[in-house]
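In this text, residue positions in the sequence shown follow the numbering used here: the first is 40, and each later residue adds one. Virtual Cβ for every residue (Gly too), placed ideally from N, Cα, C.
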Amino acid sequence: MVEWLISNQLVDYNDAVKFMEERIKLIHDGLENELVWLLEHPPLYTAGISATDAEIIEKLFPIYKTGRGGKYTYHGPGQRVVYLMLNLKKRNRCDIRLYVENLSNWIINVLKHFGIAGEYKRDRVGIWVSNNGREEKIAAFGIRLRKWVTYHGIAINVSPDLAHYRGIIPCGLQGYGVTSMKKLRVEISFSELDDILKQEFYEIF
């Protein structure tokens, strides 16, 4: 059984990591259900395990070092963060590449509901859209596994302040932009998005 948790207040990043680390241990030990946690963070940057100082342009917000994969990314209000705590071993899917592909297909299907054509690029993790011939990222991925239980996850740009990305080279990729559902003229509430996330989750997972 997968439990769904929605936090309506901004969640401190360190508190979120502490919660996830405690929860995945309980999931591994069979003492808690798997969990999908939907939330927002206050403005901040996180550094994945392959992030370098050269990717910081201007320290506009606090920087948190984290054990997830990837480089620097931004989190903040208007962004739907989706943390997934799933037991891949229990699901007989101990394949990280397959997990990332499943995440990608899930988010692509969700965006399709709102008329947005998202794409998965094997050489650039995340979900991308074409905007006037320019490829821009609309959803970032950063995952970690412990004993085949996943944590961290996805950040979908619904209506964040995209200017906040200027302090970093997002995901270490120069020459590419970031976008949001709002920038693509899709105005939705988090509750609308959450409903579709849940609906499409069970088609993939």
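Cβ-based neighbour list, residue i, same chain, cut-off 6 Å, excluding 5 preceding and 5 following
{"i": "LEU99", "result": "GLY206"}
{"i": "LEU78", "result": "SER46, VAL50 and VAL120"}
{"i": "GLY211", "result": "Interpretation of GLY211 is limited by its pLDDT of 44, a score under 50 that renders its predicted location unreliable; the figure taken from the coordinates is listed afterwards. Hits under 6 Å: GLU94 and LYS110."}
{"i": "ASN141", "result": "ILE243"}
Under 8 Å between C-beta atoms of residue i and residue j
{"i": "GLU175", "j": "ASN126", "result": "no"}
{"i": "GLY108", "j": "ILE88", "result": "yes"}
{"i": "LYS57", "j": "ALA86", "result": "no"}
{"i": "ARG185", "j": "MET124", "result": "no"}
{"i": "VAL75", "j": "PHE240", "result": "yes"}
{"i": "GLY181", "j": "THR112", "result": "yes"}
{"i": "ARG161", "j": "GLY216", "result": "no"}
{"i": "GLU242", "j": "ASN148", "result": "yes"}
{"i": "GLU158", "j": "TRP145", "result": "no"}
{"i": "GLY165", "j": "TYR122", "result": "no"}
{"i": "HIS67", "j": "GLY115", "result": "no"}
In DSSP terms, what residue i is bridged to
{"i": "TYR111", "result": "ALA86"}
{"i": "TRP43", "result": "VAL75"}
{"i": "MET220", "result": "DSSP, once it has assigned bridges, lists no residue as partnering MET220."}
{"i": "ARG161", "result": "According to DSSP, ARG161 bridges with nothing at all."}
{"i": "ILE102", "result": "TYR84"}
{"i": "CYS166", "result": "According to the sequence displayed, residue 166 carries Ile and not Cys. DSSP output for ILE166 lists TYR159 and ALA178 as bridge partner(s)."}
{"i": "ARG130", "result": "Answer is none; ARG130 lacks a bridge partner."}
{"i": "ILE207", "result": "ILE95"}
Same chain, Cβ closer than 8 Å to residue i, neighbours up to 5 away in sequence not counted
{"i": "ASP234", "result": "none"}
{"i": "MET40", "result": "ASN72 and GLU73"}
{"i": "VAL139", "result": "VAL164, PHE180 and ILE182"}
Endpoints, the alpha helix (DSSP H) within which residue i is located
{"i": "LYS186", "result": "Here LYS186 belongs to no alpha helix (DSSP H), and DSSP marks it neither H nor E."}
{"i": "ARG136", "result": "135-152"}
{"i": "ASP322", "result": "Beyond the ends of the chain as shown, which are 40 and 244, falls residue 322; an answer cannot be given."}
{"i": "LEU65", "result": "52-67"}
Extent of the continuous beta strand (DSSP E) to which residue i belongs
{"i": "TYR122", "result": "118-124"}
Any C-beta of chain D under 8 Å from that of residue i
{"i": "ASP134", "result": "Annotation note: the requested chain D is absent from the structure, which comprises a single protein chain."}
Beta-carbon proximity list for residue i, same chain, < 7 Å, skipping 5 on both sides
{"i": "GLY106", "result": "ILE88 and ARG183"}
Cβ contact check for the stretch 213-225 and the stretch 193-205: 3 or more pairs under 8 Å: Result yes; three or more Cβ-Cβ pairs closer than 8 Å.
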